[in-house]
Amino acid sequence: MLFFILSAIGKFLTQNNSRDRDLMRRIASKEPEALSLLYDHYNRLLFGLLKSILKKSEEAEDILQEVFTTIWEKADQFDTERGTAYTWIVSLTRNKAIDRLRSKVYKEQKKQSTSLDDDDVFHPLYSEENNPLENTILSDRAKRVYQALEKLSEKQRAVIQVAYFDGLSQSEISNEYDIPLGTVKTRMRDGMLKLRELLSQEMA
Amino acid sequence: MADNENTLNFEELCAAYVLGSLSAEEETSFKNLLKQADTEQKQLFQDMQAIAAEMALLYPEIEPSASIKQQLIEMAWTSVNSRNGANIHYLSRFRYAVAASVVFMIVSLGLLFQTQNLNQDLSNQVALVNEKQSIIETLESEVERKEELLTILEARDVDLILMDGLDVNPTGYGKVVWDKDNGQALLQVANIPQVPTAKEYQLWFVVNNQPISAGVFAVNDPSRDNFFKISEFQQGGTGAFAITLEPEGGSPQPTGDMYLLGSM
Numbered sequence: 000m001l002f003f004i005l006s007a008i009g010k011f012l013t014q015n016n017s018r019d020r021d022l023m024r025r026i027a028s029k030e031p032e033a034l035s036l037l038y039d040h041y042n043r044l045l046f047g048l049l050k051s052i053l054k055k056s057e058e059a060e061d062i063l064q065e066v067f068t069t070i071w072e073k074a075d076q077f078d079t080e081r082g083t084a085y086t087w088i089v090s091l092t093r094n095k096a097i098d099r100l101r102s103k104v105y106k107e108q109k110k111q112s113t114s115l116d117d118d119d120v121f122h123p124l125y126s127e128e129n130n131p132l133e134n135t136i137l138s139d140r141a142k143r144v145y146q147a148l149e150k151l152s153e154k155q156r157a158v159i160q161v162a163y164f165d166g167l168s169q170s171e172i173s174n175e176y177d178i179p180l181g182t183v184k185t186r187m188r189d190g191m192l193k194l195r196e197l198l199s200q201e202m203a
Numbered sequence: 000m001a002d003n004e005n006t007l008n009f010e011e012l013c014a015a016y017v018l019g020s021l022s023a024e025e026e027t028s029f030k031n032l033l034k035q036a037d038t039e040q041k042q043l044f045q046d047m048q049a050i051a052a053e054m055a056l057l058y059p060e061i062e063p064s065a066s067i068k069q070q071l072i073e074m075a076w077t078s079v080n081s082r083n084g085a086n087i088h089y090l091s092r093f094r095y096a097v098a099a100s101v102v103f104m105i106v107s108l109g110l111l112f113q114t115q116n117l118n119q120d121l122s123n124q125v126a127l128v129n130e131k132q133s134i135i136e137t138l139e140s141e142v143e144r145k146e147e148l149l150t151i152l153e154a155r156d157v158d159l160i161l162m163d164g165l166d167v168n169p170t171g172y173g174k175v176v177w178d179k180d181n182g183q184a185l186l187q188v189a190n191i192p193q194v195p196t197a198k199e200y201q202l203w204f205v206v207n208n209q210p211i212s213a214g215v216f217a218v219n220d221p222s223r224d225n226f227f228k229i230s231e232f233q234q235g236g237t238g239a240f241a242i243t244l245e246p247e248g249g250s251p252q253p254t255g256d257m258y259l260l261g262s263m
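Protein chains in written order, with numbering that gives the first Met the number 0: chain P, 0 to 203; chain E, 0 to 263.
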């Protein structure tokens, strides 16, 4: 059973990567249909990500539009040698969300801490509108990440959690949680290296 | 030792970078490090970036409003049109417009030229028609006058008075055919000079040494015989006819030179 799931995940990742790479190539060639397909694949995931970071739907929709506009304009800059299209798109989305989060308006707002046990944050990625097999595999991928995070020390997980889910910088984490900056850096580094070790086989 | 520190530093910056946790200054520093990174460090960066991307799966999926996609696709099509079609179409429309303008101008000039030619032809034709009309009217008038003169000649009881030239014009010749019954006469003159400006010839009927004006006339073409009709000439008796040169409009009494004279 475990073999079947890992095999399905591996196959799914390869197919998705190939599909995304083809869509990115077509978007770089300025095919609006390809942008439409890519949007259909990732809009809910990215909007969930943006909504969780930015909290406000209007801001999240604004950035979502900005993300896909950037994809349309800069698809030719995507380098397949440097990772998957999925990674590139999510990184682009998170960077834009964090830029907005650290803008003057958001700096005025109080940072809300997020717990790893918060059901809202860790709600599995089930959606009736998605392909059932895809949903299952996506949720399996989410479970793997969740399980890997669970295997980190609580201190490592907490630092990664507030950085990733709240968009806090290392200095902000240090100030907010009264942890020495060096310790924040070490916990973050060790946590990410541990995650790499845990997930590297499936990511390859 | 230094390598170890560099590795630790790279790993710290890399982990924080993929989590979006670096300050702007640190981010710039890491990007510079990444440019000089070895294969192992680049692989570490790619792996951490992929892990960070996988963590996005932990977020709940949420459906954005449908207008986002609509706006994006509209943006994409607008972009495509402006990059390719629109410019070409614009250029094509411009070229078509220029070509159409040139064709229109040539056609307009052609039509203008043709119109001018037609106008000129029409003017010529109108002038010709007018000229012909004038000739016709002249001929009709001449025919009518000749018919009137013929009517006088056709009268059964007429008097014929011949006039000869006098000293001022010895070669002159004149003839009066007088239809007394109808009170009209025909005057024929030949070889008398063209009337000077503001002058006219005047025909007189002289009875009992009293000249009675029978009318005035002008001779404009002395090379041919000239005929004139004298109307409402209700006179009786026997006398003579004379022609004198008088001021334009005639005189109550003869004042000028006498050119022709003839008795009944």
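Cβ coordinates follow ideal geometry from the N, Cα and C atoms, glycine included.
Is residue i close to chain P? Criterion is C-beta to C-beta, closer than 8 Å.
| i | result |
| --- | --- |
| Q40/E | no |
| K30/E | no |
| S64/E | yes |
| A36/E | no |
| L33/E | no |
| Y89/E | With a pLDDT of 43 at Y89/E, under the threshold of 50, the modelled position of this residue cannot be trusted, and the question is left open. |
| S100/E | no |
| V106/E | no |
| E24/E | no |
| D46/E | yes |
| S81/E | no |
| G109/E | no |
| Q70/E | yes |
| E4/E | no |
| L117/E | no |
| A85/E | Note that A85/E scores 48 on pLDDT, short of 50, meaning its location in the model is unreliable; the coordinates nonetheless yield the value given after this. Answer no: the Cβ-Cβ gap between A85/E and chain P never drops below 8 Å. |
Looking only at DSSP bridge pairs, what is residue i linked to?
| i | result |
| --- | --- |
| K228/E | L185/E |
| E203/E | Note on residue identity: the sequence assigns Trp, not Glu, to residue 203/E. DSSP lists S212/E and A241/E as partners of W203/E. |
| M257/E | T243/E |
| S262/E | A239/E |
| K198/E | P246/E |
Is it buried or exposed for residue i, if we count other Cβ within 10 angstroms and need 16 for buried?
| i | result |
| --- | --- |
| S17/P | exposed |
| L108/E | exposed |
| V175/E | buried |
| A38/E | Here the sequence assigns Thr to residue 38/E, which means Ala is not the residue at that position. When all chains shown are included, T38/E counts as exposed. |
| F227/E | buried |
| K95/P | buried |
| M191/P | buried |
| A184/P | For the record, residue 184/P in the displayed sequence is Lys; it is not Ala. Looking at its Cβ environment, which holds 16 or more other Cβ atoms inside 10 Å, K184/P is buried. |
| F164/P | buried |
| S51/P | buried |
| L138/E | exposed |
| I134/E | exposed |
| T170/E | exposed |
| D241/P | Chain P is shown only over 0 to 203; residue 241/P falls outside these bounds and no answer can be derived. |
| A65/E | exposed |
| F112/E | exposed |
| V266/E | Absent from the structure is residue 266/E, since the part of chain E shown begins at 0 and ends at 263. |
| L57/E | buried |
How about residue i: is its C-beta nearer than 8 Å to some C-beta of chain E?
| i | result |
| --- | --- |
| A141/P | yes |
| N16/P | no |
| L151/P | no |
| K95/P | no |
| S28/P | no |
| L223/P | No statement about residue 223/P is possible, as the shown extent of chain P runs from 0 to 203 and does not include it. |
| S102/P | no |
| R99/P | no |
| R81/P | yes |
So is the beta-carbon of residue i under 7 Å away from any non-hydrogen atom of the ligand GDP?
| i | result |
| --- | --- |
| V101/E | Absence of the ligand GDP from the depicted structure is noted, as is the absence of any ligand whatsoever, leaving it without description. |
Quick one, which residues of the region 44-78 of chain P are near chain E if we go by CB-CB under 7 Å, in chain order? L44, F46, G47, L48, K50, S51, E60, L63, Q64, F67, T68 and W71
Quick one: complete alpha helix (DSSP H) runs, 4+ long, within the region 0-59 of chain E? 1-17, 23-34 and 38-54
Using a beta-carbon distance cut-off of less than 8 Å, what residues from the region 163-187 of chain P approach chain A? No chain A is present in this structure, whose protein chains are P and E.
Within 7 Å of chain E by C-beta, residues of the region 190-201 of chain P in sequence order: M191, L192, L194, R195, L198 and S199
For the region 137-192 of chain E, list the beta strand (DSSP E) runs that are entirely contained and at least 3 residues long, ordered along the chain. 158-164, 172-178 and 183-189
Contact set between the region 9-24 of chain E and chain P, restricted to residues whose Cβ is under 9 Å from the partner: E10, E11, L12, C13, A14, A15, V17, L18, G19, S20, L21, S22 and A23
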